[in-house]
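Okay, structure first, notes after.
Protein chains: 2
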Amino acid sequence: MAPATSSLPRRRRGAGRVTLADVASAAGVSSITVSRVLNDPGKVSADLRDRIVAAIAELGYVPNGAARALASARPLLVAVLVPSLTNEVFVETLRGIREVLQPKGYQILIGDTGYDADDEARMLDTYLAFGPGGLLLTGLQQTEAVKLRLETLRLPRVHMMELPAPNQPAPPTVGFSQTAAATAMADYLIGRNYRRIGFLATQLDHRTLLRRDGWRASMQAHGLYNTDLEITDPGRSSVGRGGELLTQILASGMKLDALFCNNDDVAQGVVFEAQRRGMDVPKDLAVVGFNDLAASAWINPGLTTIATPRYEVGREAALRLLELMGGGSAPAPLDLGFRLVTRGSA
Amino acid sequence: MAPATSSLPRRRRGAGRVTLADVASAAGVSSITVSRVLNDPGKVSADLRDRIVAAIAELGYVPNGAARALASARPLLVAVLVPSLTNEVFVETLRGIREVLQPKGYQILIGDTGYDADDEARMLDTYLAFGPGGLLLTGLQQTEAVKLRLETLRLPRVHMMELPAPNQPAPPTVGFSQTAAATAMADYLIGRNYRRIGFLATQLDHRTLLRRDGWRASMQAHGLYNTDLEITDPGRSSVGRGGELLTQILASGMKLDALFCNNDDVAQGVVFEAQRRGMDVPKDLAVVGFNDLAASAWINPGLTTIATPRYEVGREAALRLLELMGGGSAPAPLDLGFRLVTRGSA
DNA sequence: CTGAAAGCGCTAACAA
DNA sequence: TTGTTAGCGCTTTCAG
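As you go down the protein sequences, you meet chains A and B in turn. Going by the working numbering, the first sequence wraps up at 1280, each residue one higher than the last. Going by the working numbering, the second sequence wraps up at 1280, each residue one higher than the last.
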């Protein structure tokens, strides 16, 4: 006698994962009923539901997301591209994103572009292959190729952290004015009677350049601008780099009464190094940063800085993306502002 | 005359994404040939290949990952569960993981469990639905339900950061001995003639408890152990919390000559707060941490701490996972060790 | 080197 | 409330 299963098509691939059909036959129902229990339990009678739930548990069934995505054409993923995971700022943005998207059933594919536009382009293609329902991108500086692809795909997307030029057509964006924030900070320093205010720019990503523009605007408006005051270092920002750069500045004989660092990591390093050299911050050198990282309130002296709404940027961007994915129309850019936080360092 | 396409089945779902078949007909070949160009270009003649590549570019074709995963049963994802993305340690572990897995074509699904075993369990189920080829988990303390599910699934997995008890059956693991590291640190302090060495435990995750055990072992071996020396705070670790806890300790009138903090964040906060109070570190109070975060070398005084091989843990764990996914047999636990880094703080 | 047919596991549409 | 049928877009198997 032939084995009972001989007439069934032999399972060729996919070793032996438990499928919907397995659960269905164990519970004595059709697959679609099991599917309903999973997706819309209200549509199945309590009786059957219990039997099916029991069968699922017993067999250890795990739904196959690929099959589900393919059949329903309803995306389960959102791709998020940030420049760095090492940076507290983007981690908090991600937290905001997650808190909005996860309850809605979306999983997040996180891409770390390493501040590199070409890597971003490659990563985008990879992630697109997973059929995400939407995209969350950092900044507005994508490569031309990426922009083109984004346009032709017509995939819902929201850009984060910056703001488009006013009165220009722009993709949905949630952020704040990096430039205005830097101008506010420079104005503050000038108001405190600092005159030789250096700008220390590391990393040189687009947001750093916007901050430098903001500082320049203020300095020029007050007749204090001078090219020498711009100190540039293409390396990655870090506390250590901040210390090293202060050492270089001092060695160069450059005279400054204040130093505006493009971010808090660097500013903290400058403060630590100044301390090590017995300099008094802010008397010998005022130091300010950008972002208000968690530790900035606790170092000595506390760091004067710009508090950026990164968590809120994440939340609001995700909220807008949700609307877009639901068929809503493109929202206007949202400016979430910033806050100047004054502490002992300037 | 009926339109040329009238005999084709009407496309019901999935609006209008460009498919393999579209590319195929544009290039005048069959879909499978296009598929081969994508997956194994060597098997297609240069002539056809060029035509197909052109068609792909022209139509802006993006492969559908769900369909590919479903048809090939070859997983494209690896799920990684870490307790926190805010923690530099895990971010560096992730970097190691990515550097190994991405060149092999795997994308990474990152889960942030928030140090919560139940959330970890939920997250695992969600991620399992994406059909990952393997799992990278932090620690060895999963809930019973999770352990059971992991056993029945027989999904390749590697645990990170800790080490299983010796001579016990254990899942593949890459890490180092948290306990031995803490013992080494306590021994070091004792060797420097510190006697009243407090242990400041925040967060209370499993690795913190292991570190406490290591400290206890050393203290007991030297007859210096005393329950009062254990200071416990269930809140999340942070620089700020470290400062607050030092304040509490001082207010309580407790006398200590050294403080062993369960991680560097907290230790940094303690150092900053001590500084603020005009205390001399290490004379009035020696302070040590755990992990050797980037900033720990730069604060004043530099922090004596344990350098942990988290980047290597990520790399090695990913390498082992790759082997397992390729059908290799379970590797023995790998101990990557640690390094005691002495700086000014103790 | 290229293609036809079948089917991965699930859900949408329609029927009973 | 439940089931039947077809098909999502791709790759596998097997032929040519």
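The beta-carbon is built from N, C-alpha and C at its ideal position, and this holds for glycine as well. These numbers come from a predicted model, not from an experiment.
The stretch 1204-1214 of chain A in contact with the stretch 1032-1043 of chain A per 3-pair CB rule at 8 angstroms: No, because fewer than three Cβ pairs between the stretch 1204-1214 of chain A and the stretch 1032-1043 of chain A fall closer than 8 angstroms, the two stretches do not touch.
Backbone CA spacing between P1090 of chain A and A988 of chain B [nearest angstrom]: Position 156 of the first sequence, counted from the first residue, corresponds to residue 1090 of chain A. Position 54 of the second sequence, counted from the first residue, corresponds to residue 988 of chain B. Those two C-alpha atoms are separated by around 26 angstroms.
Option nearest S969 of chain A by Cα separation, candidates A:S1152, A:N998, A:D981, A:R951: Translated into positions along the first sequence, residue 969 of chain A becomes position 35. Taking each of A:S1152, A:N998, A:D981, A:R951 in turn and checking the Cα distance to S969 of chain A, the smallest one comes out for A:N998.
Within-8 angstroms CB hit, A1055 of chain A to chain B: The residue you call residue 1055 of chain A lines up with position 121 of the first sequence. No, because no Cβ of chain B sits closer than 8 angstroms to the Cβ of A1055 of chain A.
Given L1011 of chain A as reference, the closest of A:P1265, A:A1252, A:A1264, A:A1192 once Cα atoms are compared: Residue 1011 of chain A sits at position 77 when you count from the first residue of the first sequence. Taking only the C-alpha atoms, the option nearest L1011 of chain A is A:A1252.
Coarse secondary structure for N973 of chain B, derived from DSSP in three states: Residue mapping note: residue 973 of chain B aligns to position 39 of the second sequence, counting from 1. N973 of chain B falls in the helix class under three-state DSSP.
Unbroken beta strand (DSSP E) run spanning T1239 of chain A, endpoints: On the first sequence, position 305 is the one that residue 1239 of chain A refers to. Per DSSP, T1239 of chain A belongs to the beta strand (DSSP E) from 1239-1241.
Distance CB(G962 of chain A)-CB(A1003 of chain A) smaller than 8 angstroms: Taking the first residue of the first sequence as 1, we reach residue 962 of chain A at position 28. Taking the first residue of the first sequence as 1, we reach residue 1003 of chain A at position 69. Not a contact, by the Cβ cut-off of 8 angstroms.
Backbone secondary structure at D1041 of chain A - three-state DSSP: Along the first sequence, one-based indexing puts residue 1041 of chain A at 107. For the sequence presented, residue 1041 of chain A should be read as Gln rather than Asp. Strand at Q1041 of chain A.
Amino acids of chain A, ordered along the chain, whose beta-carbon sits closer than 8 angstroms to that of L1019 of chain B: Residue numbering aside, residue 1019 of chain B sits at position 85 when the second sequence is read from its first letter. In chain order: L1019, V1025, L1028, R1029.
Contact list for the stretch 1169-1190 of chain B against chain A, Cβ threshold 9 angstroms: Within the stretch 1169-1190 of chain B, the qualifying residues are S1172, V1173, G1174, G1176, G1177.
Continuous beta strand (DSSP E) stretch holding H1140 of chain B: start and end: Here residue 1140 of chain B refers to the residue found at position 206 of the second sequence. Counting along the chain, H1140 of chain B falls outside any beta strand (DSSP E), though it belongs to the alpha helix (DSSP H) covering 1140-1155.
Cα-Cα separation, G1262 of chain B to G1067 of chain B: Here the question's residue 1262 of chain B lines up with position 328 in the second sequence. Here the question's residue 1067 of chain B lines up with position 133 in the second sequence. Separation of G1262 of chain B and G1067 of chain B (C-alpha to C-alpha, rounded to the nearest whole angstrom) is 14 angstroms.
Q954 of chain A, DSSP secondary structure in three states: One-based indexing of the first sequence puts residue 954 of chain A at position 20. Reading off the sequence, residue 954 of chain A comes out as Leu, not Gln. Looking at L954 of chain A - three-state DSSP - the assignment turns out to be helix.
Cβ neighbour criterion (16 or more within 10 Å) applied to D974 of chain B: As a first step, residue 974 of chain B must be located in the second sequence, where it is residue number 40. Exposed, by the Cβ-count rule.
Any 3 or more C-beta pairs closer than 8 angstroms across the stretch 1265-1273 of chain B and the stretch 1104-1121 of chain B: With three or more CB-CB distances shorter than 8 angstroms, the stretch 1265-1273 of chain B counts as touching the stretch 1104-1121 of chain B.
Counterpart residues of G1132 of chain A in DSSP-defined beta bridges: Stepping through the first sequence from its first residue, residue 1132 of chain A is reached at position 198. Paired residue(s): A:L1193.
Residue nearest to P1216 of chain B in terms of C-alpha spacing, selected from B:A1013, B:L1237, B:G1203, B:I986: For this step, residue 1216 of chain B is matched to residue 282 along the second sequence. Nearest C-alpha to P1216 of chain B: B:L1237.
Cβ contact (3+ pairs, closer than 8 angstroms) linking the stretch 1146-1166 of chain B and the stretch 1197-1206 of chain B: no
Straight-line gap, R1130 of chain A to G1045 of chain B (C-alpha atoms, nearest Å): The residue you call residue 1130 of chain A lines up with position 196 of the first sequence. The residue you call residue 1045 of chain B lines up with position 111 of the second sequence. Going by the C-alpha atoms only, they are around 47 angstroms apart.
Closest by C-alpha distance to H1156 of chain B, when choosing among B:A1118, B:V1016, B:D1199, B:P1100: On the second sequence, position 222 is the one that residue 1156 of chain B refers to. Cα-wise, what sits closest to H1156 of chain B is B:A1118.
Own chain, CB closer than 6 angstroms to P1017 of chain A, minus 5 neighbours either side, in chain order: The residue labelled residue 1017 of chain A in the question sits at position 83 within the first sequence. Correct list, in chain order: T1047, Y1049, T1072.
R1083 of chain A at chain B interface by Cβ criterion, 8 angstroms: For the purposes of this step, residue 1083 of chain A is taken as residue 149 along the first sequence, with counting starting at 1. Interface criterion met: the Cβ of R1083 of chain A is under 8 angstroms from a Cβ in chain B.
Residues from the stretch 1232-1244 of chain B in contact with chain A, defined by Cβ distance under 8 angstroms: W1232, I1233, N1234
Reduced DSSP category for M1094 of chain B - H, G, I as helix; E, B as strand; rest coil: Translated into positions along the second sequence, residue 1094 of chain B becomes position 160. Correct three-state label for M1094 of chain B: strand.
R1273 of chain A - partner residues in DSSP beta bridges: Residue 1273 of chain A sits at position 339 when you count from the first residue of the first sequence. Answer by DSSP bridge pairing, in chain order: A:A1241.
Cβ separation of L1138 of chain A and T1181 of chain A, assumed to be a contact under 8 angstroms, to the nearest whole Å: For this step, residue 1138 of chain A is matched to residue 204 along the first sequence. For this step, residue 1181 of chain A is matched to residue 247 along the first sequence. At roughly 20 angstroms, the Cβ-Cβ gap does not stay under 8 angstroms, so L1138 of chain A and T1181 of chain A are not in contact.
Where V1215 of chain A sits in the DSSP three-state scheme: What you label residue 1215 of chain A is simply residue 281 of the first sequence in a count that begins at 1. Reduced to three states, the DSSP call for V1215 of chain A is coil.
Below-8 angstroms beta-carbon distance, P1037 of chain B vs any chain A residue: Taking the second sequence and counting its residues from 1, one reaches residue 1037 of chain B at position 103. No, P1037 of chain B lies away from the interface with chain A (no Cβ there is under 8 angstroms from its Cβ).
Through-space distance from E1096 of chain B to L1084 of chain B, alpha-carbon basis: In the second sequence, the residue the question calls residue 1084 of chain B occupies position 150. In the second sequence, the residue the question calls residue 1096 of chain B occupies position 162. Pairing L1084 of chain B with E1096 of chain B, the inter-Cα distance amounts to about 18 angstroms.
Closest by C-alpha distance to Y1159 of chain B, when choosing among B:G1174, B:L1179, B:F1133, B:D1059: Here the question's residue 1159 of chain B lines up with position 225 in the second sequence. Selected option, being the one with the closest Cα: B:F1133.
T1107 of chain B - partner residues in DSSP beta bridges: Counting from one through the second sequence, the residue named residue 1107 of chain B turns up at place 173. The partner list for T1107 of chain B (beta bridge, DSSP) reads B:H1093.
Assigned secondary structure, L1074 of chain B (DSSP; H/G/I helix, E/B strand, else coil): The residue given as residue 1074 of chain B occupies position 140 in the second sequence. In the structure shown, L1074 of chain B sits in coil (DSSP, three-state: anything other than H, G, I, E or B).
Proximity of E1022 of chain B and A1228 of chain B at Cβ, strictly below 8 angstroms: Your numbering for residue 1022 of chain B matches position 88 in the second sequence. Your numbering for residue 1228 of chain B matches position 294 in the second sequence. Going by C-beta atoms, E1022 of chain B is nearer than 8 angstroms to A1228 of chain B.
Neighbour flag for P975 of chain B against chain A, beta carbons, 8 angstroms: Counted from its first residue, the second sequence places residue 975 of chain B at position 41. Cβ-Cβ to chain A under 8 angstroms: no for P975 of chain B.
Within-8 angstroms CB hit, Q1075 of chain A to chain B: In the first sequence, counting from the first residue as 1, residue 1075 of chain A sits at position 141. Not closer than 8 angstroms to any Cβ of chain B, the Cβ of Q1075 of chain A fails to qualify, so no.
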